[in-house]
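Engineer:
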């Protein structure tokens, strides 16, 4: 009996340790995404996603997702090469490529969850306010500051496919989780800023602060405590 009770008492600690390890890996994944975004910007002059002018002459019908654009810079050359970029991402020919789970786009404790229609999910997704005309903006367009503007972050519900060009989320909806907001942490969401830093924003963060963090150039002032 004492053995059983001891096992029960250990469960919360085991779960806590597992979650702590998952959080650490999530932060690492976000940093990798940040580094890949820097490299894409260095070569193309803008943040992900790639635009129609970046595709080396390919007749692209469907735009690239944020995640697809980063594949060559995340040691995912095989995934990049397996995608037929001259047809829409969700064409039958591309299904196999976009059904491959890529851990770098995942929150480890949630990684086995599938995306819509069996596609592999993204649980770290971009800020929708950083795209113009289907292409990522330049760091020079981020006049509100790269350390106070969100590039991407964690979510905990309604996981989109990583190949879907419309898989971003709006930080102005907050960090409390659910199908329209960022979230995933025990108290909020893990967010990658454009400068490459990773920060945690609480679920009760004021919406005005979330809006300031979402916009790259609205002139919003983020309070010092954030």
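Numbering (this note's numbering), first residue to last: 132 to 357. C-beta: ideal position from N, C-alpha, C; glycine also.
1) For chain D, check one thing: does any of its Cβ atoms lie closer than 9 Å to the Cβ of residue 315?
2) Does the distance from the C-beta atom of residue 253 to that of residue 304 stay below 9 Å?
3) How many Å lie between residue 352 and residue 233 at the Cα?
4) Residue 220 and residue 295: beta carbons closer than 9 Å?
5) Report, in whole angstroms, the separation of the C-beta atoms of residue 348 and residue 275, which I expect to be a contact under 8 Å.
6) The beta strand (DSSP E) with residue 281 in it runs from where to where?
7) Figure out for me which residue from 266, 283, 319 has the closest Cα to the Cα of residue 235.
8) Would you kindly report the start and end of the unbroken beta strand (DSSP E) that includes residue 332?
9) CA-CA distance, residue 311 and residue 300?
10) As a quick exercise: from 269, 240, 264, pick the residue whose alpha carbon is nearest that of residue 255.
11) Beta-carbon within less than 8 Å of residue 346's beta-carbon, same chain only, minus the 5 sequence neighbours each way: which residues are those?
12) Is the CB-CB distance between residue 178 and residue 171 below 9 Å?
13) So what does residue 267 bridge to, in DSSP terms?
14) Quickly, what does DSSP pair residue 319 with across the bridge? List them, please.
15) Using the Cα positions of residue 204 and residue 165, report the straight-line distance between them to the nearest angstrom.
16) Tell me the residue span of the alpha helix (DSSP H) that contains residue 340.
17) Fully enclosed by the segment 206-256, which alpha helix (DSSP H) runs are 4 residues long or longer?
18) Let's test the definition: count the other Cβ atoms within 10 Å of the Cβ of residue 225 and tell me whether it reaches 16, buried, or not, exposed.
19) Helix or strand or just coil, what does DSSP make of residue 167?
Structural biologist: Here's the rundown:
1) Absence of chain D from the displayed structure is noted, only one protein chain being present.
2) no
3) 36 Å
4) yes
5) 6 Å
6) 281-285
7) 283
8) 329-333
9) 7 Å
10) 240
11) 260, 275, 280
12) yes
13) 262
14) 333
15) 10 Å
16) 338-345
17) 208-213, 226-229
18) buried
19) helix
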